[in-house]
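> Using the numbering used here, you'd call the opening residue of the sequence shown number 389 and step up by one each time. Every residue, glycine too, gets a C-beta built ideally from N, C-alpha and C.
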Amino acid sequence: MSEIDFKTGSKVVYPAHGVGEIAGVESQTISGMNITAYVVSFEKDKMTLRIPVSRAKASGLRPLCTADDLDKVRKTLKARARTSRGMWSRRAKEYETKINSGNILSLAEVVRDLHKNVDDPDRSYSERVIYENALDRLAGEVSAIQKIDLKQASAVLIKTINDNVKAMAVKAEEEEHEHEHEEAA
């Protein structure tokens with residue numbers, strides 16, 4: 389497996405924590421072995437991780453996504469929400485796995501699928517937490533790529549979903565009117 393090379397100051401994504409910044413590269417001798425590690429700072433969480441360079445790719449550390457990837461995220465958010473009717477505990481585990489995968493399209497799917505109940509007062513606490521976690525991670529990456537703050541990035545993502553929901557409702561209404569006219573004729 390080839391190593392990935394990040395420079396100090398590069399923004400990166402670590403699956404379990406979201407967007408961080410390479411603060412430097414350190415070499416340490418541990419148990420007689422020389423280990424070189426990326427020092428990744430997560431400002432939001434006030435946390436620093438050291439990830440061995442040789443394990444960076446296997447750990448899921450990756451650069452920010454590309455503009456093409458952001459287009460795919462928008463398409464994913466605009467697609468029809470998919471929800472299975474299975475047990476919530478199983479779906480919650482699947483959502484958590486997607487969130488921690490580091491895959492931006494999987495994050496977008498979770499945000500899209502859980503957004504439908506965002507204003508439902510009967511929404512479960514765990515569903516709200518999973519949704520907010522996914523939205524926060526996705527917005528964090530969008531924020532870093534587009535160089536906007538986190539609130540703006542969240543607003544852009546939510547607007548994308550809401551605009552699509554409205555468009556689908558209008559389309560469904562038009563189809564219903566068209567169907568009524570066909571029946572009347």
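Can you tell me whether DSSP reads residue 489 as helix, strand or coil?
If you number the sequence shown from 1, residue 489 lands on position 101. Residue 489: coil per DSSP, three-state reduction.
> Check for me: the alpha helix (DSSP H) holding residue 515 runs from which residue to which?
As a first step, residue 515 is located in the sequence shown; it is residue number 127 there, counting from the start. It spans 513-534 - the alpha helix (DSSP H) in which residue 515 sits, taken as one unbroken run.
> How many Å lie between residue 505 and residue 511 at the Cα?
Counting from one through the sequence shown, the residue named residue 505 turns up at place 117. Counting from one through the sequence shown, the residue named residue 511 turns up at place 123. Computed Cα separation, rounded: 7 Å.
> Mind checking which residues open and close the alpha helix (DSSP H) that includes residue 443?
Sequence index remark: in the sequence shown, residue 443 carries index 55 (1-based). Element bounds for residue 443: n/a, residue is neither H nor E.
> Does the Cβ-Cβ distance between residue 523 and residue 542 come in under 8 Å?
Taking the first residue of the sequence shown as position 1, residue 523 is located at position 135. Taking the first residue of the sequence shown as position 1, residue 542 is located at position 154. Going by C-beta atoms, residue 523 is nearer than 8 Å to residue 542.
> Whose CA, out of 440, 435, 431, lies closest to the CA of residue 422?
On the sequence shown, residue 422 is found 34 positions in, with the first residue counted as 1. The candidate whose alpha carbon is nearest that of residue 422 is 440.
> Using the three-state DSSP reduction, which class does residue 452 fall into: helix, strand or coil?
Here residue 452 refers to the residue found at position 64 of the sequence shown. If DSSP states are grouped into helix, strand and coil, residue 452 belongs with coil.
> Going by DSSP in three states, residue 425 sits in which element: helix, strand or coil?
For the purposes of this step, residue 425 is identified with residue 37 of the sequence shown, where counting begins at 1. Residue state, collapsed to three classes: strand.
> Roughly how many whole angstroms lie between the Cα atoms of residue 414 and residue 397?
In the sequence shown, the residue the question calls residue 414 occupies position 26. In the sequence shown, the residue the question calls residue 397 occupies position 9. Their backbone Cα atoms lie some 14 Å apart in a straight line.
> Mind checking whether residue 490 and residue 403 have CB atoms under 8 Å apart?
In the sequence shown, the residue the question calls residue 490 occupies position 102. In the sequence shown, the residue the question calls residue 403 occupies position 15. Yes, they are a contact pair.
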